[in-house]
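Contents: one structure, followed by commentary.
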Amino acid sequence: MRSMTFLPADQRSLFSPTVPQDAIMHVIFHQPVIPGNTGSAIRLCAGTGAHLHLVGPLGFNFEDRQVKRAGLDYHELAKVSVHENLTQCLADIPGRLFAFTTKATTYHSNIEYQPGDAFLFGTEPTGLDEDTLKHPRITELVRIPMLKGRRSMNLANAASVATYEAWRQLGYAGA
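Okay, so the sequence shown: first residue is 1 according to full-length UniProt numbering, each after it adds one.
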(Lines of atoms letter the chains of each structure in order from A; the text may use other names.)
(Lines give C-alpha, C1' and ligand atoms only; values in the text may rest on other atoms or scores of the structure.)
Protein backbone atom coordinates (compact mmCIF):
# COMPACT_ATOMS: atom_id res chain seq x y z
CA MET A 1 0.00 0.00 0.00
CA ARG A 2 1.60 3.22 -1.10
CA SER A 3 -0.64 5.91 0.35
CA MET A 4 -3.83 6.47 2.24
CA THR A 5 -3.85 10.25 1.88
CA PHE A 6 -7.34 10.24 0.42
CA LEU A 7 -8.66 8.82 3.71
CA PRO A 8 -9.37 11.16 6.62
CA ALA A 9 -6.45 11.18 9.07
CA ASP A 10 -8.53 9.55 11.83
CA GLN A 11 -9.18 6.50 9.63
CA ARG A 12 -5.63 5.83 8.41
CA SER A 13 -4.63 3.94 11.55
CA LEU A 14 -7.31 1.31 10.89
CA PHE A 15 -5.29 -0.31 8.13
CA SER A 16 -2.07 -2.20 7.64
CA PRO A 17 0.75 0.11 6.43
CA THR A 18 2.26 -2.68 4.33
CA VAL A 19 0.89 -5.66 2.47
CA PRO A 20 1.83 -8.90 4.23
CA GLN A 21 3.36 -11.31 1.75
CA ASP A 22 2.05 -14.36 3.63
CA ALA A 23 -1.62 -13.89 2.76
CA ILE A 24 -3.16 -17.14 1.51
CA MET A 25 -5.16 -15.09 -1.03
CA HIS A 26 -6.20 -11.54 -1.79
CA VAL A 27 -9.72 -10.13 -2.19
CA ILE A 28 -9.86 -6.82 -4.06
CA PHE A 29 -12.93 -4.56 -4.04
CA HIS A 30 -12.57 -1.95 -6.78
CA GLN A 31 -14.38 1.26 -5.79
CA PRO A 32 -16.92 -0.26 -3.37
CA VAL A 33 -19.89 1.93 -2.43
CA ILE A 34 -22.03 -0.13 -0.02
CA PRO A 35 -20.53 -0.11 3.48
CA GLY A 36 -22.21 -3.34 4.59
CA ASN A 37 -20.50 -5.30 1.81
CA THR A 38 -17.09 -4.09 2.93
CA GLY A 39 -17.90 -4.90 6.54
CA SER A 40 -18.93 -8.41 5.53
CA ALA A 41 -15.73 -8.80 3.51
CA ILE A 42 -13.67 -7.75 6.54
CA ARG A 43 -15.31 -10.55 8.49
CA LEU A 44 -14.78 -13.00 5.59
CA CYS A 45 -11.09 -12.17 5.39
CA ALA A 46 -10.63 -12.37 9.16
CA GLY A 47 -12.10 -15.87 9.07
CA THR A 48 -10.11 -17.19 6.11
CA GLY A 49 -6.75 -15.44 6.30
CA ALA A 50 -7.36 -13.60 3.03
CA HIS A 51 -6.10 -10.04 2.69
CA LEU A 52 -8.76 -7.47 1.76
CA HIS A 53 -7.71 -4.67 -0.57
CA LEU A 54 -10.00 -1.68 -1.09
CA VAL A 55 -9.31 0.42 -4.17
CA GLY A 56 -10.53 4.02 -4.09
CA PRO A 57 -12.36 6.13 -4.40
CA LEU A 58 -14.54 4.53 -1.75
CA GLY A 59 -18.22 5.42 -1.57
CA PHE A 60 -18.43 5.49 2.23
CA ASN A 61 -16.66 6.47 5.43
CA PHE A 62 -15.14 3.76 7.63
CA GLU A 63 -16.88 5.23 10.62
CA ASP A 64 -20.19 4.26 8.99
CA ARG A 65 -22.17 2.10 11.41
CA GLN A 66 -22.97 -0.41 8.63
CA VAL A 67 -19.26 -1.13 8.13
CA LYS A 68 -18.76 -1.60 11.85
CA ARG A 69 -21.91 -3.67 12.33
CA ALA A 70 -21.25 -6.02 9.40
CA GLY A 71 -17.64 -6.54 10.46
CA LEU A 72 -18.59 -6.93 14.14
CA ASP A 73 -15.46 -7.34 16.23
CA TYR A 74 -13.42 -8.80 13.38
CA HIS A 75 -11.83 -5.53 12.22
CA GLU A 76 -8.70 -6.11 14.31
CA LEU A 77 -8.38 -9.71 13.06
CA ALA A 78 -8.47 -8.86 9.34
CA LYS A 79 -5.69 -7.75 7.02
CA VAL A 80 -7.06 -4.71 5.19
CA SER A 81 -5.22 -2.30 2.90
CA VAL A 82 -6.61 0.76 1.15
CA HIS A 83 -5.11 1.85 -2.18
CA GLU A 84 -5.70 5.04 -4.11
CA ASN A 85 -5.96 3.21 -7.43
CA LEU A 86 -5.78 -0.24 -9.00
CA THR A 87 -2.23 0.23 -10.28
CA GLN A 88 -0.95 0.81 -6.75
CA CYS A 89 -2.92 -2.14 -5.44
CA LEU A 90 -1.64 -4.57 -8.05
CA ALA A 91 1.95 -3.44 -7.55
CA ASP A 92 1.71 -4.92 -4.05
CA ILE A 93 0.27 -8.28 -5.15
CA PRO A 94 2.67 -10.50 -7.12
CA GLY A 95 0.36 -13.49 -7.68
CA ARG A 96 -2.21 -14.35 -10.32
CA LEU A 97 -5.24 -12.10 -10.74
CA PHE A 98 -8.74 -13.37 -11.47
CA ALA A 99 -11.36 -10.78 -12.40
CA PHE A 100 -14.93 -11.75 -11.54
CA THR A 101 -17.53 -10.68 -14.06
CA THR A 102 -20.84 -11.87 -15.45
CA LYS A 103 -19.26 -11.46 -18.91
CA ALA A 104 -16.84 -14.40 -18.40
CA THR A 105 -17.39 -17.96 -19.60
CA THR A 106 -15.02 -19.77 -17.20
CA TYR A 107 -16.58 -20.78 -13.89
CA HIS A 108 -14.71 -19.91 -10.71
CA SER A 109 -14.78 -23.58 -9.66
CA ASN A 110 -12.86 -24.61 -12.82
CA ILE A 111 -9.75 -22.70 -11.73
CA GLU A 112 -6.95 -24.52 -9.88
CA TYR A 113 -6.13 -21.93 -7.25
CA GLN A 114 -2.67 -21.33 -5.79
CA PRO A 115 -1.54 -19.56 -2.62
CA GLY A 116 -1.24 -15.83 -3.25
CA ASP A 117 -3.96 -15.66 -5.93
CA ALA A 118 -6.03 -12.46 -6.04
CA PHE A 119 -9.72 -12.02 -6.81
CA LEU A 120 -10.86 -8.71 -8.29
CA PHE A 121 -14.48 -7.57 -7.91
CA GLY A 122 -16.08 -4.41 -9.29
CA THR A 123 -18.25 -1.77 -7.74
CA GLU A 124 -21.71 -2.83 -6.63
CA PRO A 125 -23.88 -1.03 -9.17
CA THR A 126 -21.96 -1.92 -12.34
CA GLY A 127 -19.17 -4.44 -11.75
CA LEU A 128 -15.81 -4.06 -13.45
CA ASP A 129 -15.70 -1.66 -16.40
CA GLU A 130 -14.42 -2.69 -19.85
CA ASP A 131 -11.03 -0.98 -19.42
CA THR A 132 -10.40 -2.76 -16.13
CA LEU A 133 -11.38 -6.10 -17.65
CA LYS A 134 -8.61 -5.56 -20.25
CA HIS A 135 -5.91 -4.90 -17.63
CA PRO A 136 -2.72 -6.78 -18.63
CA ARG A 137 -2.25 -8.21 -15.12
CA ILE A 138 -5.51 -10.18 -15.29
CA THR A 139 -4.80 -13.90 -15.58
CA GLU A 140 -8.37 -14.85 -16.45
CA LEU A 141 -11.93 -13.56 -16.37
CA VAL A 142 -14.16 -15.82 -14.29
CA ARG A 143 -17.80 -16.00 -13.30
CA ILE A 144 -19.91 -17.54 -10.57
CA PRO A 145 -22.76 -19.55 -12.12
CA MET A 146 -26.31 -18.30 -11.64
CA LEU A 147 -29.69 -19.05 -13.13
CA LYS A 148 -30.48 -17.29 -16.40
CA GLY A 149 -32.16 -13.92 -16.11
CA ARG A 150 -30.37 -12.96 -12.90
CA ARG A 151 -28.21 -9.85 -13.06
CA SER A 152 -25.50 -10.58 -10.52
CA MET A 153 -24.72 -11.69 -6.98
CA ASN A 154 -24.27 -9.39 -4.02
CA LEU A 155 -20.62 -8.27 -3.84
CA ALA A 156 -19.89 -9.70 -0.39
CA ASN A 157 -21.62 -12.98 -1.27
CA ALA A 158 -19.63 -13.31 -4.51
CA ALA A 159 -16.39 -12.67 -2.63
CA SER A 160 -17.37 -15.36 -0.12
CA VAL A 161 -18.15 -17.93 -2.82
CA ALA A 162 -14.82 -17.30 -4.56
CA THR A 163 -12.74 -17.17 -1.39
CA TYR A 164 -14.16 -20.35 0.08
CA GLU A 165 -13.76 -22.29 -3.17
CA ALA A 166 -10.10 -21.27 -3.34
CA TRP A 167 -9.55 -21.98 0.35
CA ARG A 168 -11.20 -25.40 -0.02
CA GLN A 169 -8.85 -26.24 -2.87
CA LEU A 170 -5.91 -25.14 -0.72
CA GLY A 171 -6.95 -27.58 2.02
CA TYR A 172 -8.36 -24.87 4.30
CA ALA A 173 -4.80 -23.83 5.12
CA GLY A 174 -4.48 -22.58 8.68
CA ALA A 175 -7.91 -23.81 9.81
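By construction, the Cβ of each residue, glycine as well, lies at the ideal position given by its N, Cα and C atoms.
Do you know offhand how far residue i's Cα is from residue j's?
i: Arg150; j: Ala104; result: 15 Å
i: Leu58; j: Asp131; result: 19 Å
i: Ala91; j: Thr139; result: 15 Å
i: Thr126; j: Gly174; result: 34 Å
i: Val33; j: Glu124; result: 7 Å
i: Gly122; j: Ser109; result: 19 Å
i: Tyr164; j: Thr106; result: 17 Å
i: Thr102; j: Gly116; result: 23 Å
Using the Cβ count rule (16 or more neighbours within 10 Å means buried), how would you classify residue i?
i: Leu155; result: buried
i: Asn37; result: buried
i: Trp167; result: buried
i: Tyr172; result: exposed
i: Met25; result: buried
Where do the N-terminal and C-terminal ends of the beta strand (DSSP E) with residue i fall, by residue?
i: Asp117; result: 117-121
Considering residue i, what are the terminal residues of the alpha helix (DSSP H) in which it resides?
i: Ser40; result: 35-48
i: Arg168; result: 155-169
From the DSSP secondary-structure annotation, give me the bridge partner or partners of residue i.
i: Met25; result: Asp117
i: Arg143; result: Tyr107
i: Leu52; result: Val27, Val80
*Can you check the stretch 79-134 for any beta strand (DSSP E) of at least 3 residues that lies completely inside it and give the ranges in chain order?*
79-83, 97-100, 117-121
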